[in-house]
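The block underneath contains the structure these notes are about, expressed in structure tokens.
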Amino acid sequence: MRASSHARDRLGDMNHLSIDFNLAVDQHLKSAGLSKADYERLSPQLQQAHEVLTSKRKAGKMAFMDLPKQQTVLQETISVAKKLSGTFENLVILGIGGSSLGPKALFTALCHPFHNFLRPPQQKGMRLFFPDNSDPSTFAGLMGTLGLERTAFAAITKSGGTAETWAQLLWVVDRLGKDAARRQLVALTDPEKGSLRATARAEGWQALEIPPAVGGRFSVFSPVGLLPAAAAGIDIAELLNGAQSMVERCEKGNIFENPAYMLATTLYLFDTYKKRSTHVLMPYADALRETGDWFVQLWAESLGKKKGDGFVGPTPLRAVGATDQHSLLQLLMEGPEDKLTLFIAVDEPREDLKIPEGVFDLSDVSYLGGHGFHELLSAERQATATALAAQGRPSLCIRMPSLRPFAMGELLMLWQIATAYAGFLYEIEPFDQPGVEAGKRYTCCLLGRPGYESAQQDIQTYKATNKAWIF
Ligand code: PA5
5 MRASSHARDR LGDMNHLSID FNLAVDQHLK SAGLSKADYE RLSPQLQQAH EVLTSKRKAG
65 KMAFMDLPKQ QTVLQETISV AKKLSGTFEN LVILGIGGSS LGPKALFTAL CHPFHNFLRP
125 PQQKGMRLFF PDNSDPSTFA GLMGTLGLER TAFAAITKSG GTAETWAQLL WVVDRLGKDA
185 ARRQLVALTD PEKGSLRATA RAEGWQALEI PPAVGGRFSV FSPVGLLPAA AAGIDIAELL
245 NGAQSMVERC EKGNIFENPA YMLATTLYLF DTYKKRSTHV LMPYADALRE TGDWFVQLWA
305 ESLGKKKGDG FVGPTPLRAV GATDQHSLLQ LLMEGPEDKL TLFIAVDEPR EDLKIPEGVF
365 DLSDVSYLGG HGFHELLSAE RQATATALAA QGRPSLCIRM PSLRPFAMGE LLMLWQIATA
425 YAGFLYEIEP FDQPGVEAGK RYTCCLLGRP GYESAQQDIQ TYKATNKAWI F
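If you count the sequence shown from 1, you need to add 4 to reach my numbering.
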């Protein structure tokens with residue numbers, strides 16, 4: 005088979021997401037890049053990681069990969085979204101971490117950049133708000149701005165007991181009253197477990213299910229991501245089609261035929277062989293800024309783990325091109341050689357503008373006239389990749405054909421499969437987060453939750469009492 009038809013087989017047609025690894029390998033980067041031998045040396049681990057993933061999938065533990073096919077959930081979610089959007093103007097998402105980052109990434113990527121400011125008919129769905137944190141200034145500011153009678157609330161928590169989410173939910177129910185809460189609230193949580201499920205049943209709240217085997221940061225294709233997206237007018241069937249198409253592309257065991265495995269293996273090799281442990285996701289599209297936040301959580305919380313007596317995990321960072329060319333880029337170019345840049349390029353912008361010619365006769369800016377804004381952004385990405393490569397600094401580029409639901413489905417599924425596979429390469433459990441539990445214990449103790457008294461001793465020990473160290 006000729007190289008070009010190989011490439012076509014791997015990439016499908018150009019309407020699909022692709023990943024360009026050229027500036028990560030030794031052909032261009034010499035010893036700073038990875039060689040075919042680096043990948044081949046890892047062969048036994050790659051095979052083992054594939055076997056772990058396949059057997060976990062058979063055992064129903066990779067449930068996030070099965071979400072795109074759940075037609076009943078899709079229909080149920082669309083029907084709840086229609087009911088909400090037919091009655092209310094605003095939807096406030098009460099959730100944090102994976103219960104907020106996924107829907108926020110979809111909203112910002114796929115809706116008009118100023119969706120919340122539009123009016124119908126330009127605004128094709130509800131206005132969405134993500135207070136996320138329990139910072140009172142944000143929450144009070146938002147609640148004081150939205151008319152509560154025109155607002156619905158989606159309370160999202162997989163565990164059903166997250167403090168930040170409950171603080172906001174309790175405030176909302178108290179303010180609405182229990183009758184209005186029955187009309188204005190939807191609970192998204194585990195089908196059986198947790199306080200939110202129990203309360204939703206007792207209070208008669210509408211509810212949607214987060215499948216038991218799907219954790220927060222892997223839940224974007226469950227109602228967690230789908231309900232807000234559908235309410236905002238996003239075509240969630242197309243989103244799931246894109247995700248499903250990526251699942252099918254990522255079923256092969258050979259990494260050179262599997263984009264998620266290739267992505268995960270490349271990042272793993274840079275971290276462990278080349279000591280490039282900081283992975284900077286840098287989309288050249290403002291619409292993907294929040295996708296960067298979603299990636300940071302996924303990569304950090306899944307892979308930052310204790311392993312035997314040691315610790316593993318790359319450090320994810322989020323940047324946005326071209327904005328961060330005027331900020332982080334200096335560090336990427338001349339700072340420590342511990343970083344790998346992961347560009348995202350979008351081939352077809354949702355809108356483009358032409359830079360006018362002849363407005364002024366200025367020798368240092370006239371060259372811009374006649375080019376498109378998108379052309380400028382694309383040139384800046386290519387220039388940054390070139391500048392990094394010329395310094396022996398590797399990068400790769402994820403190319404999205406457009407910012408449409410199908411392409412977002414592909415992108416978010418790609419990263420989730422890559423994360424799970426990377427977890428198996430690091431030989432850690434990617435689906436838990438034991439490290440964040442300790443902090444929750446101390447919070448509960450500090451706020452007087454019964455059963456958490458034993459954390460008091462550590463709290464007293466580490467209370468800052470030595471004034472000599474307070475400036
Ligand atoms: O990925 C995860 O599991 C976490 O980041 C959770 O999403 C986050 O802690 C919120 O948890 P919950 O959805 O249970 O409220």
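Beta carbons are placed, not taken as given, at the ideal position from N, Cα and C, and that holds for glycine.
Spatial neighbours of residue i in its chain, beta-carbon cut-off 8 Å, leaving aside the 5 residues before and after
| i | result |
| --- | --- |
| threonine 81 | Leu212, Pro227, Leu230, Leu231, Ala234, Ile240 |
| valine 190 | Val84, Leu88, Ala156, Phe157, Ala158, Ala159, Trp209, Gln210, Ala211, Leu212, Leu231 |
| threonine 447 | Ala167 |
| alanine 393 | Leu27, His32, Leu33, Ser399 |
| leucine 273 | Leu38, Asp42, Tyr43, Leu46 |
6 Å CB neighbourhood of residue i in its chain, flanking five on each side removed
| i | result |
| --- | --- |
| glycine 165 | Gly198, Ser199 |
| alanine 185 | Val177 |
| alanine 109 | Glu294, Thr295, Trp298 |
| threonine 269 | Ile259 |
| alanine 247 | Pro72, Phe225, Gly413, Met417 |
| valine 218 | Ala67, Phe68, Ser226 |
| asparagine 262 | Cys254, Lys256 |
| asparagine 19 | Pro405 |
| glutamate 242 | Pro409, Phe410 |
| histidine 375 | Ile359 |
| glutamate 384 | Ala326 |
Host alpha helix (DSSP H) of residue i (start-end)
| i | result |
| --- | --- |
| arginine 280 | Run containing arginine 280: none; DSSP gives neither H nor E here. |
| methionine 337 | 333 to 338 |
| alanine 202 | 199 to 207 |
| phenylalanine 410 | 409 to 430 |
| glutamine 464 | 460 to 465 |
| glutamine 75 | 75 to 91 |
| leucine 451 | Unbroken run through leucine 451: none, as it is neither H nor E. |
| lysine 228 | Per the sequence shown, the amino acid found at residue 228 is valine instead of lysine. Its alpha helix (DSSP H) spans residues 227 to 235. |
| glutamine 31 | 30 to 33 |
Proximal residues to residue i (C-beta, below 7 Å), its chain only, five neighbours per side dropped
| i | result |
| --- | --- |
| serine 406 | Val350, Asp351, Glu352 |
| methionine 130 | Leu88, Ser89, Phe92, Glu93, Asn94, Leu95, Ala235, Ala236 |
| arginine 6 | Because arginine 6 sits at a pLDDT of 36, beneath the cut-off of 50, its placement in the model cannot be relied upon, and the following sentence gives the value as read from the coordinates. Around arginine 6: no qualifying Cβ. |
| arginine 12 | With a pLDDT of 41 at arginine 12, under the threshold of 50, the predicted position of this residue should be treated as unreliable, and no value is reported. |
| arginine 45 | none |
| cysteine 449 | Tyr456, Glu457, Ala459, Gln460, Ile463 |
| serine 477 | No answer is possible for residue 477: it lies beyond the span of the chain, which begins at 5 and ends at 475. |
| phenylalanine 475 | none |
Enclosing beta strand (DSSP E) for residue i [first to last residue]
| i | result |
| --- | --- |
| aspartate 42 | Segment 40 to 45 is the alpha helix (DSSP H) holding aspartate 42; no beta strand (DSSP E) there. |
| leucine 21 | Taken as a continuous stretch (DSSP letters only), leucine 21 belongs to no beta strand (DSSP E), as it is neither H nor E. |
| proline 405 | 399 to 406 |
| threonine 193 | 189 to 193 |
| lysine 311 | 309 to 311 |
| leucine 98 | 94 to 98 |
| glutamine 210 | 210 to 213 |
Test: residue i CB closer than 8 Å to a CB of chain D
| i | result |
| --- | --- |
| phenylalanine 274 | The structure shown contains no chain D; it holds only a single protein chain. |
Open item on the list: Beta-carbon distances below 5 Å to any heavy atom of the ligand PA5 define the shell here; list its residues in chain order, please.
Closed with: Gly101, Gly102, Ser103, Thr161, Lys162, Ser163, Thr166, Gly219, Gly220, Arg221
TODO: Could you pull out every unbroken alpha helix (DSSP H) segment of at least 4 residues lying fully inside the region 104 to 181, listed in chain order?
DONE: 140 to 149, 167 to 180
Task: Residue ranges of each alpha helix (DSSP H) within the region 318 to 382, 4 or longer - done: 333 to 338
Task: alpha helix (DSSP H) runs contained entirely in the region 239 to 293, provided each spans 4 or more residues - done: 240 to 253, 263 to 276
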